[in-house]
Amino acid sequence: MLENYGIDIWADDNFIIEDGVVKLNYASNPALINMVKEIREKDFKGPLLFRFPHLIQKQIDKLYSLYDNAINEYEYKGKFNAVFPLKVNQLPNFLKPLLKAGEKYNYGLEAGSKAELFLAMTYNKIGAPITINGFKDKEMVHLAFIARKMGHDITVIIEGLNELEMILEVEKETSLPTPNVGLRVRLFNSGSGAWAKSGGIDSKFGLSSTEILEAFEMLEENNLINILTMIHFHIGSAMNSIKPLKNALKESGHIYAELKNLGADNLSAINIGGGMAVEYSQFQRTTQYNLQEFANDVIFTLKNIARQKGVEEPNIFTESGRFISASSTVLITPVLELFSAEYDAENLRLKEKNPPLIEELRELFNDINSKMALEFMHDSIDHLESLLKLFDLGYIDLEDRSNAEILTNLIIKKAIWLLEVDDYEELKRIDNKIQEKYLLNFSIFQSLPDFWGIKQEFPIMPITHLNKKPTRSASLWDITCDSDGEIEFNPEKPLYLHDVNLDKEEYYLGFFHVGAYQDILGMRHNLFSHPTEINVVFENNEVILEKILESQKIIDILEDIDYDTKEIKNILKNNLDDNTYKILEKYLNENSYLKTAWS
Ligand SMILES: *Cc1c(COP(=O)(O)O)cnc(C)c1O
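Residue numbers (numbering that gives the first Met the number 0): 0 to 598.
In structure tokens form, the structure reads like this:
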């Protein structure tokens, strides 16, 4: 059995392995490597970020059909609505295809800041809902009134009573139409998963039951109870179990029903926030529910509460972002170097007379066979450690040390080859010391910030060589000068890669599910900026690579962090002759990723 990198677990049939390469399971099933080659022929090097709008469409279609099925199954009277939370990905090359994909459903947007609200006001289709979450000031509330005037179906979800006061003030001070209001409830039942801080009684967000009653009274006193339309909660991202959601639904469902019975006649919706999980694991499923079950539970729970309390069944809003966006983006990075590549037999500088331990290493190398492979390998690692100590004590010279390193590496490689790696369990038992380090032309800080920050796993696999057995336990290094820029080999979740000769062949790794949060969280550590991005669309089954956005030029990165680029150029120019300066000028207009034959 060849290694499939768990593609059957995480890929949701979006990608397949065929003829030894990863292919898109769509249209003419193009191979990822062919897209990479096409872009590189246009002279774009470094890391590439491929976006697949058809996968955004797939997730939106799926979301609506899940709730459609559930609504039909339970003959539910409320309607289903969804918005995309902008904080998950605001970039135009992602957002514009998303808006197009959601058009037929009236899929809307959720904004959590003034800047996001501007995006929503500009690009959201009139008639599709906008919701606003997060902390607000009066200016932001004012913006919501203006959005309403533009004709947007907008709901301001208040996080605290002061925000309701702001709404009442703007309502009095302007003649603008008043937007709808939702109440974010602080739930007693908190979420699960890594981001559970969003829900729960000590959550950063939401109104307590006392505050909800006060909000109701404030609206009544001001004759504005008719603007209260929504109850909202969000218990956290990447829920891996359905139980906390059920609890939150019950709690908020009863709050909805109580308010309706108190006289909130226009209250018509429950917004269940986001949190639908994405399967990131390459090793075993971590999500303990299926999506239809999830949607069915939502409908069933709300239906029961409505019946019990004698109120109409609420419309449902969801704000799942990760679920919609993660799978749509794939990062592909060239491998620049295998650290052990220098340990080539050609580089040995053996002497007439070598230290005894070196001679023993030579014998181990010559005599190794499949039966003794593991034992010889361990012996060689022991010998290397002794030889390194001898070097520190001054008993062997630099050439001896170099020979020791080369011979040990050759023995390890030969041992792995002899083992034939039929059984990865065998390899796992081998020392961590035999890992190969793969240097990749990218920055983990820029492209996988959630790996750096919270050790979020992403599916990782080579996009070629898949008809060969990978034999090296791999740790991945990025090109920042930061030791945190490493994805260490983890024996619990081992990544095996191929032993490639980069002088003769190219080798690229794909990082999947990077479409949620990574684009904007990414930081410019060492001044590496966004990778070159490409949208992959199809016309009559043919691949079209469009909206190519090259990674930022060095000069523009410097400008972004507020350097006076004229000053930089002048200083450089004044210290150089014209011809040399011209070379600098060219380099300043390139991006900062490495350029080698295979970068
Ligand atoms: C972040 C956020 C979301 C999106 O959560 P996902 O886990 O990406 O689905 C939805 N609603 C609110 C209020 C949020 O803050």
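Backbone N, C-alpha and C define an ideal beta-carbon position, used for all residues, glycine too.
Across the set MET217, PHE187, ASN225 and ASN221, the C-alpha of PHE187 shows the shortest separation from the C-alpha of LYS249. In this structure, the beta-carbon distance from PRO96 to ILE129 does not fall below 9 angstroms.
Cβ neighbours of LEU417 within its own chain (closer than 8 angstroms, five residues either side excluded): ILE367, ASN368, SER369 and ALA372. The continuous beta strand (DSSP E) containing PRO461 extends over residues 459-461. Taking 3 residues as the minimum length, the stretch 345-377 contains no beta strand (DSSP E) run wholly inside it.
Beyond the five residues adjoining it in sequence on each side, TYR104 comes within less than 6 angstroms, by CB distance, of TYR63 in the same chain, given in chain order. C-alpha of SER472 to C-alpha of PRO333: approximately 18 angstroms in a straight line. In this chain, SER474 is not harboured by any alpha helix (DSSP H); it is covered by the beta strand (DSSP E) spanning 471-476. Per DSSP, GLU541 lies in no alpha helix (DSSP H) segment; the continuous beta strand (DSSP E) that holds it begins and ends at 541-548. Taken in chain order, the unbroken stretches of alpha helix (DSSP H) that lie wholly in the stretch 503-591 and span 4 residues or more are 517-520, 553-559, 564-573 and 577-587. Under the three-pair Cβ rule at 8 angstroms, the stretch 208-218 does not count as touching the stretch 232-248. Minimum Cα-Cα distance from LEU587 among the listed residues ASN525, LEU557 and GLY272 corresponds to LEU557. Beta-bridge pairing by DSSP links HIS231 to ARG183 and ASN270. Excluding its 5 nearest sequence neighbours in each direction, GLU158 has C-beta neighbours in its own chain below 8 angstroms: ASN132, GLY133, PHE134, LYS135, ARG183, PHE204, GLY205 and LEU206, listed in chain order.
Between SER326 and ASN68, the alpha-carbon positions lie close to 23 angstroms from each other. The three-state secondary structure of ALA247, taken from DSSP, is helix. If only uninterrupted alpha helix (DSSP H) runs of at least 4 residues are considered, those enclosed by the stretch 38-113 are 52-72 and 91-101.
Exclusion of the five residues before and after GLU359 leaves HIS382 as the residues of its chain whose Cβ lies within less than 7 angstroms of its Cβ.
The alpha-carbon separation between ILE323 and MET275 amounts to approximately 9 angstroms. Nearest neighbour of PHE93 by Cα position, chosen from TYR122, MET229, GLY77 and ASN71, turns out to be TYR122. The Cβ-Cβ distance between MET120 and LEU142 falls below 9 angstroms. PHE450 sits in a helix when the DSSP states are folded into three classes. With fewer than 16 other Cβ atoms from the protein chains shown falling within 10 Å of its own Cβ, GLY262 counts as exposed. Within the same chain, ARG348 come within 6 angstroms of GLU398 by CB-CB distance, once the 5 residues on both sides are set aside. With a cutoff of 8 angstroms, PHE322 counts as near ligand 1, since its C-beta is closer than that to a heavy atom of the ligand.
From the listed residues GLU541, LEU118, ASN574 and SER528, the smallest Cα separation to ILE554 is found for SER528. Of the candidates GLU312, LYS546 and ALA294, the residue whose Cα lies closest to the Cα of LEU301 is GLU312. For ASN260 against VAL310, the beta-carbon gap comes to about 7 angstroms, under 8 angstroms, which counts as contact.
Ranked by how close their Cα comes to the Cα of GLU168, the residues ILE582, GLY452, GLY150 and VAL140 have VAL140 in first place. Burial is judged here by how many other beta carbons sit within 10 angstroms of a residue's own beta carbon; GLY5 has at least 16 and is buried. Straight-line spacing of the CA atoms in ILE415 and THR470 works out to 7 angstroms. A distance below 6 angstroms between beta-carbons, with the five flanking residues on each side excluded, links ILE411 to the following residues of its chain, in chain order: MET376 and ILE433.
Boundaries of the alpha helix (DSSP H) around ILE410: 397-418. Under the three-state reduction of DSSP, GLU257 is assigned to helix. Classified as exposed, ILE543 has fewer than 16 neighbouring CB atoms from the shown chains inside 10 Å of its CB.
The beta carbons of VAL82 and ALA515 sit about 15 angstroms from each other, so the pair does not count as a contact at 8 angstroms.
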